[in-house]
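The structure appears below as structure tokens.
Chains as they are written, first to last, in our numbering: chain A, 934 to 1039; chain B, 179 to 471.
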């Protein structure tokens, strides 16, 4: 189990418990956290679950794989710390992870 | 269809079916899949990878015939054949046989396919009964407009069961069986119900994961007069662009997410792009799409 904090563009923070094995995207969608659309349900096929990972968590979260990198290339306002949250699997190690949702997923 | 009640014969319509199939695969050796569309081929890929003997029975002359072009059907038939899946096209299933538990699938022309487990992934019939009983117009789908409204302004319908206008389908109303359509139509319905009607004009898109291949599709390729390949199918990373009158109307991309994402924009813009340019892998796809992004 890990506590994940989702921050929106207004600075509002929402912290929830997400089971290890679920993705950061699933945690948001199952707990009605706004800002993550996840149109394809987690198949790395739509780039609408885009989040900015807090810089101090980037190393623990790890880098994106090839398919995700290609999909991210076309998302809106992509930055150094951009990730597709359906590709970040929650582990106990990520307890305390903070991510910010973008202005828009489309 | 006689025999659907036999043990070991499964439909695949919901998560309960998935769990039942998974349990039944334990100890099974031979799987027969009825239907060579996305669902059938995805099941075939997963089960072949698990080590089962897999046979796919498809009624039409090629797999995925309703959703992709012949070049793509051929590619996927080759991929499955190379993986050891037995794909049989032009086969119409007439019955499932075996006392108590399924033992074989019978074809209408007298063929017999031994099976320990059967998965039926043969397509759907839209649930329009309620709408029809209510007197709403239906035609292989509940007829709705761009805001998911039926002919009664207070009644909406969304998803696989509707037939609706599609900006990229040359004016003919379409019925789309996809996650994207269900979600986007539902959003259009909700917006209209809240008095903030925003017509649904999304380019239809779709994906299918089979083995190590991610097939991503944007647009509808029916009616194309040209098909341009970008990259080589043998490399298992390529895209097929479909044009009509010089304009891009659809793209099928295999392990080429960039081509798929740019392709979506090209389809939305009904972009005129010279075929030689689309085929030229020396030109980055982002550059080809730049004027339309």
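Where is the CB? At the ideal position from N, CA and C, for every residue including glycine.
1) Looking at the secondary structure, which residues open and close the alpha helix (DSSP H) in which residue 216 of chain B lies?
2) In chain A, what lies closer than 9 Å to residue 392 of chain B by C-beta?
3) Using only the alpha-carbon positions, how far apart do residue 1035 of chain A and residue 214 of chain B sit?
4) Give a yes or no on whether 9 Å exceeds the smallest Cβ distance from residue 958 of chain A to chain B.
5) Between residue 378 of chain B and residue 363 of chain B, how many whole angstroms is the CB-CB distance? I'm expecting something under 8 Å.
6) Quick test of the definition: if touching needs 3 or more C-beta pairs under 8 Å, does the stretch 204–213 of chain B touch the stretch 296–304 of chain B?
7) Going along chain A, which residues have a C-beta under 7 Å from residue 435 of chain B?
8) Where residue 282 of chain B and residue 229 of chain B are concerned, what is the direct C-alpha to C-alpha distance, given to the nearest angstrom?
9) Checking contacts by CB at 9 Å: is residue 1019 of chain A closer than that to chain B?
10) Spatial neighbours of residue 461 of chain B within its chain, please: CB distance less than 8 Å, with the 5 preceding and 5 following residues excluded, ordered by chain position.
11) From residue 224 of chain B to residue 944 of chain A, what does the alpha carbon distance come to, in whole angstroms?
12) Does residue 430 of chain B pass the burial test, meaning 16 or more other C-beta atoms within 10 Å, or should it be called exposed?
13) Express the C-alpha separation of residue 1023 of chain A and residue 367 of chain B in angstroms, rounding to a whole number.
14) Per DSSP, what kind of secondary structure is residue 461 of chain B in: helix, strand or coil?
15) Per the DSSP calculation, residue 235 of chain B is bridged to which residue(s)?
16) Please classify residue 304 of chain B as buried or exposed, where buried requires at least 16 other C-beta atoms within 10 Å of its C-beta.
17) Is there contact here, the stretch 956–966 of chain A with the stretch 1011–1028 of chain A, by at least three beta-carbon pairs under 8 Å?
18) Under three-state DSSP, which class holds residue 302 of chain B?
19) So with CB distances below 9 Å, who are the chain A contacts of residue 358 of chain B?
20) Please state the DSSP three-state secondary structure of residue 413 of chain B.
21) Rounded to whole angstroms, how far is the Cβ of residue 361 of chain B from the Cβ of residue 987 of chain A, which I believe are closer than 8 Å?
22) Compare the C-alpha of residue 949 of chain A against each of A:1029, A:974, A:984, A:996 and name the closest.
23) Counting pairs of Cβ atoms below 8 Å between the stretch 379–391 of chain B and the stretch 334–348 of chain B, do you hit three or more?
24) Is residue 422 of chain B close to chain A? Criterion is C-beta to C-beta, closer than 9 Å.
In terms of the structure at hand:
1) 216–227
2) 976, 977, 978, 1000
3) 39 Å
4) no
5) 6 Å
6) yes
7) 1000, 1003, 1004
8) 19 Å
9) no
10) 455
11) 43 Å
12) buried
13) 34 Å
14) coil
15) B:212, B:266
16) buried
17) yes
18) coil
19) 972, 973, 979
20) helix
21) With 8 Å as the limit, residue 361 of chain B and residue 987 of chain A do not qualify as a contact, their Cβ atoms being about 29 Å apart.
22) A:1029
23) yes
24) no
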